[in-house]
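Just so you know, this note's numbering puts 50 at position 48 of the sequence shown, and the rest follows in order with no gaps.
Heads up, the beta-carbon is just placed ideally off N, CA and C, and yes, glycines get one too.
Everything on this sheet refers to the single structure shown next.
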Amino acid sequence: MHIKVIERAQAIQVEEQEIMRRSKELEAIIRQPAEAERFRLEKLAEANRNRCILEAQADAEALRVKGEAMAYAIEAKAKAEAEQMAKKADAWREYKDAALVDMVLDTMPKIVAEVAAPLTQTKRIVMVSSGDGEIGAAKMAGEVLSIVAKVPEVVKQMTGVDITKSIQFASVTA
3 MHIKVIERAQ AIQVEEQEIM RRSKELEAII RQPAEAERFR LEKLAEANRN
53 RCILEAQADA EALRVKGEAM AYAIEAKAKA EAEQMAKKAD AWREYKDAAL
103 VDMVLDTMPK IVAEVAAPLT QTKRIVMVSS GDGEIGAAKM AGEVLSIVAK
153 VPEVVKQMTG VDITKSIQFA SVTA
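Spelled out as structure tokens, the structure:
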């Protein structure tokens, strides 16, 4: 019986060693590769997260720099326009009447063109005359010039500025 107990104890030891071997085999074949894969996936996820954060930060920085550049351009343009307006105001102050005459003389051809523009659209004109005064093209030109001659009065009524007096004063002082 003692031999059987010893044999049984040795069989139990062999079984325990087999269990230990299988446990180590399971650890080496399944658990360690799974842990390595989990670690690899965690590192990939962390790297992807960091990449997204860096891209967002770069986009935000690019947007900020672009905004600053646009603000600088707007500021520079506004300063240039303000400087131009100041120079224009100085010129108007210094050469008020002469500047007014210059502006009127610049604008007059545009006014005449606008007054005469409807005539360019006509295909046929029938003129009736009593025989007194001009007839034909001279009459038509006279009508256009009559309308243009009324422009200073219209300007005076709208703005209170008598450009006829200003032009006369500028020609006397020149």
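Start and end of the alpha helix (DSSP H) containing residue 12?
4-28
*asked:* Comparing C-alpha positions only, which one of 65, 31, 151, 45 sits nearest to residue 117?
replied: 151
Coarse secondary structure for residue 146, derived from DSSP in three states: helix
How far does the alpha helix (DSSP H) with residue 95 in it extend, from its first residue to its last? For residue 95, the uninterrupted alpha helix (DSSP H) segment begins and ends at 34-96.
Check: By how many angstroms is the C-alpha of residue 154 removed from the C-alpha of residue 162?
Finding: 10 Å
- Task: Note the first and the last residue of the continuous alpha helix (DSSP H) segment covering residue 124.
- Result: Here residue 124 belongs to no alpha helix (DSSP H), and DSSP marks it neither H nor E.
**Prompt:** Straight-line CA distance for residue 49 to residue 58?
**Reply:** 14 Å
Could you tell me the boundaries of the alpha helix (DSSP H) in which residue 152 lies?
It is not in any alpha helix (DSSP H) - residue 152 carries neither H nor E in the DSSP assignment.
- Query: Is it buried or exposed for residue 165, if we count other Cβ within 10 angstroms and need 16 for buried?
  - Reply: buried
Next on the checklist: For the pair the stretch 139-151 and the stretch 104-122, tell me if three or more CB-CB distances fall below 8 Å.
Outcome noted: yes
- Would you call the CB atoms of residue 93 and residue 101 closer than 8 Å? Residue 93 places its beta carbon less than 8 Å from that of residue 101.
Taking buried to mean at least 16 other C-beta atoms within 10 Å of its own C-beta, is residue 106 buried or exposed? buried
- Message: I need the straight-line Cα distance from residue 4 to residue 41, nearest angstrom please.
- Response: 53 Å
Consult DSSP for residue 163 and reduce its assignment to one of helix, strand or coil. coil
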